[in-house]
Amino acid sequence: MSALRVVVVASRGFSPFHFSVPLMVFGKAMPQEGLFQVDIAAERPGVIASDNGLSIHVGHGLESLANADIVIVPFWQHPDEQPSAALSHALIQAWQRGAEVVGLCLGAYVLAYTGLLDHRRAATHWEFEQDFAARFPQIRLDNNALYTRDERLITSAGTAAGIDCCLHIVRDHYGAAIANRVARRMVVPPYREGGQAQFIERVVPDSTRDSQINDLIDFLRHNLDKPHDIASLAHFVSMSRRTLTRHFSRATGMTPGEWLNVERLRRSQELLETTDHSIETVASLAGYQSPISFRQRFKARFNVSPSEWRRTFRGPDAQF
Numbered sequence: 006m007s008a009l010r011v012v013v014v015a016s017r018g019f020s021p022f023h024f025s026v027p028l029m030v031f032g033k034a035m036p037q038e039g040l041f042q043v044d045i046a047a048e049r050p051g052v053i054a055s056d057n058g059l060s061i062h063v064g065h066g067l068e069s070l071a072n073a074d075i076v077i078v079p080f081w082q083h084p085d086e087q088p089s090a091a092l093s094h095a096l097i098q099a100w101q102r103g104a105e106v107v108g109l110c111l112g113a114y115v116l117a118y119t120g121l122l123d124h125r126r127a128a129t130h131w132e133f134e135q136d137f138a139a140r141f142p143q144i145r146l147d148n149n150a151l152y153t154r155d156e157r158l159i160t161s162a163g164t165a166a167g168i169d170c171c172l173h174i175v176r177d178h179y180g181a182a183i184a185n186r187v188a189r190r191m192v193v194p195p196y197r198e199g200g201q202a203q204f205i206e207r208v209v210p211d212s213t214r215d216s217q218i219n220d221l222i223d224f225l226r227h228n229l230d231k232p233h234d235i236a237s238l239a240h241f242v243s244m245s246r247r248t249l250t251r252h253f254s255r256a257t258g259m260t261p262g263e264w265l266n267v268e269r270l271r272r273s274q275e276l277l278e279t280t281d282h283s284i285e286t287v288a289s290l291a292g293y294q295s296p297i298s299f300r301q302r303f304k305a306r307f308n309v310s311p312s313e314w315r316r317t318f319r320g321p322d323a324q325f
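For the sequence shown, our numbering begins at 6 and goes up steadily by one.
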């Protein structure tokens, strides 16, 4: 079997880390030769500067995509910047010819602008989730996945998720044994549990434009460990239950119950990362009636258990 040809597309202002991921995974980290052949291409060959002063010399133009098995866009400078007609055409032609086309991190925007991702599943960095969804409503954005694959179109979440994505490609072509050896050489896990929901800093607003709802939110944040129902919350703001639900949804985009669940999960994250409280105590302080219901909700949202979360963010010596 001949080596699969990987072409990595370089663009001005590239990020050295993003760019080096596919070069390392499909190149230096390979446990044996002859599996992948890696080339670098650019719309305008020559010297291309990175975002921090490093530069590379690229000898191939976009014509090299014509015989690639895998084309990777590892970086894109800004969501507002659309790819040129020449780059879009080369990517579309590569995919139509049967190549895998990959967008790592904001590289997913390039694939989206070409139309290749229309009505397909995709991922990108969580910080750009709302922007991506607004620009490309026809794409099924997965805001938790570390990477996605939909009919030879592959996208990943931000930065280090590019490693997960590239390892997935190795695994898909040559099996888990080869991918695991690559991961060991890079001293990274061959497969990470969970998704990028683990790394989102905050998913609820600190405040809204509604002063009454802001007062209620402040009260709830200081009393998450107590039980709440819609009747008691309506009494707190001197509204009917229906009026409260309408005002709360308009201000936050969520019902009071949905907001409470999100905020309690966020509070539990903080406690797991910054304290040695037992899982049972974390559940109680975050407002869950039982450790079982806490574990179930946490696992459903983040695809990892509370103990796994603590181990990820505090290291193997974390107390349980």
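All residues carry an ideal CB built from backbone N, CA and C; glycine is no exception.
Q.
Using CA atoms only, rank isn't needed, just tell me which of 101, 258 and 116 is closest to residue 72.
A. The shortest Cα separation from residue 72 among 101, 258 and 116 belongs to 101.
Q. In this structure, does DSSP put residue 167 in helix, strand or coil?
A. Residue 167: helix per DSSP, three-state reduction.
Q) Which one of 261, 166 and 54 has the shortest CA to CA distance from residue 193? A) From the listed residues 261, 166 and 54, the smallest Cα separation to residue 193 is found for 166.
Q. Relative to the alpha-carbon of residue 121, which residue among 132, 131, 130 and 108 has its alpha-carbon at the smallest distance?
A. Closest in C-alpha terms to residue 121, from the list 132, 131, 130 and 108, comes 108.
Q) CA-CA distance, residue 149 and residue 128? A) Distance from the CA atom of residue 149 to the CA atom of residue 128, rounded to whole angstroms, is 8 Å.
**Q.** Beta-carbon proximity list for residue 8, same chain, < 7 Å, skipping 5 on both sides
**A.** The answer, listed in chain order, is 39, 40, 41 and 42.
Q: Specify, as a first and last residue, the run of the beta strand (DSSP E) that residue 153 falls within.
A: In this chain, the beta strand (DSSP E) harbouring residue 153 covers 152 to 155.
Q) Distance, Cα to Cα, residue 18 vs residue 296? A) Distance from the CA of residue 18 to the CA of residue 296, rounded to the nearest whole angstrom, comes to 48 Å.
Q: Could you work out which residue in 86, 291, 222 and 142 is closest to residue 253 when comparing CA atoms only?
A: The residue with the shortest Cα to Cα distance from residue 253 is 222.
Q. Can the beta-carbon of residue 159 be found less than 8 Å from the beta-carbon of residue 105?
A. Between residue 159 and residue 105, the CB-CB gap stays under 8 Å.
Q.
What would DSSP say about residue 65, mapped onto helix, strand or coil?
A. Here residue 65 sits in strand by DSSP.
Q | Per-residue DSSP class, three states only, for residue 159 | A | Looking at residue 159 - three-state DSSP - the assignment turns out to be strand.
Q: Can you have a look at residue 292 and say buried or exposed, based on whether 16 or more other CB atoms are within 10 angstroms of its CB?
A: By the neighbour-count rule (16 or more Cβ atoms within 10 Å), residue 292 is buried.
Q. Grouping DSSP H, G and I as helix and E and B as strand, with all else coil, what is residue 270?
A. The three-state secondary structure of residue 270, taken from DSSP, is helix.
Q.
I'd like the span of the alpha helix (DSSP H) that includes residue 220, first residue to last.
A. Element bounds for residue 220: 216 to 226.
Q. Going by the CB atoms, is the gap between residue 187 and residue 11 shorter than 8 Å?
A. Result no, Cβ atoms of residue 11 and residue 187 do not sit closer than 8 Å.
Q) If you count every other CB in all the chains shown that lies within 10 Å of the CB of residue 13, and 16 or more means buried, which is it? A) By the neighbour-count definition (other C-beta atoms within 10 Å, threshold 16), residue 13 is a buried residue.
Q) So which of 234, 255, 256 and 257 has the shortest CA-CA distance to residue 246? A) Residue 246 has its Cα closest to that of 234, out of 234, 255, 256 and 257.
Q: Given a cut-off of 8 Å, decide if residue 15 and residue 53 are closer than it, judged by their beta-carbon atoms.
A: Between residue 53 and residue 15, the CB-CB gap stays under 8 Å.
**Q.** Inter-residue Cα distance where the pair is residue 118 and residue 77
**A.** About 15 Å.
(Q) I need the straight-line Cα distance from residue 136 to residue 123, nearest angstrom please. (A) Computed Cα separation, rounded: 16 Å.
Q) Do residue 110 and residue 161 have their C-beta atoms within less than 8 Å of each other? A) Yes, the pair counts as a contact, with Cβ atoms nearer than the cut-off.
(Q) Tell me which residue opens and which closes the beta strand (DSSP E) that residue 10 is part of. (A) Unbroken beta strand (DSSP E) run through residue 10: 9 to 15.
(Q) In whole angstroms, give me the CA-to-CA distance for residue 208 and residue 51. (A) Note that residue 208 has pLDDT 48, beneath the 50 cutoff, so the model's placement of it is unreliable and the number below is only indicative. When rounded, the distance between both Cα atoms is 43 Å.
Q. Between which two residues does the alpha helix (DSSP H) containing residue 112 stretch?
A. Its alpha helix (DSSP H) spans residues 112 to 119.
Q) Considering only C-alpha positions, which residue in the set 232, 220 and 113 is nearest to residue 81? A) The option with the nearest alpha carbon to residue 81 is 113.
**Q.** Nearest to residue 146 (by Cα), restricted to the options 116, 260 and 27
**A.** If we check each option's Cα against that of residue 146, 116 comes out closest.
Q | residue 256 vs residue 226 beta-carbon contact at 8 Å | A | It is not a contact, given that the beta carbons lie outside the stated cut-off.
Q. Which class does residue 145 belong to by DSSP, given the choice of helix, strand or coil?
A. Residue 145 falls in the strand class under three-state DSSP.
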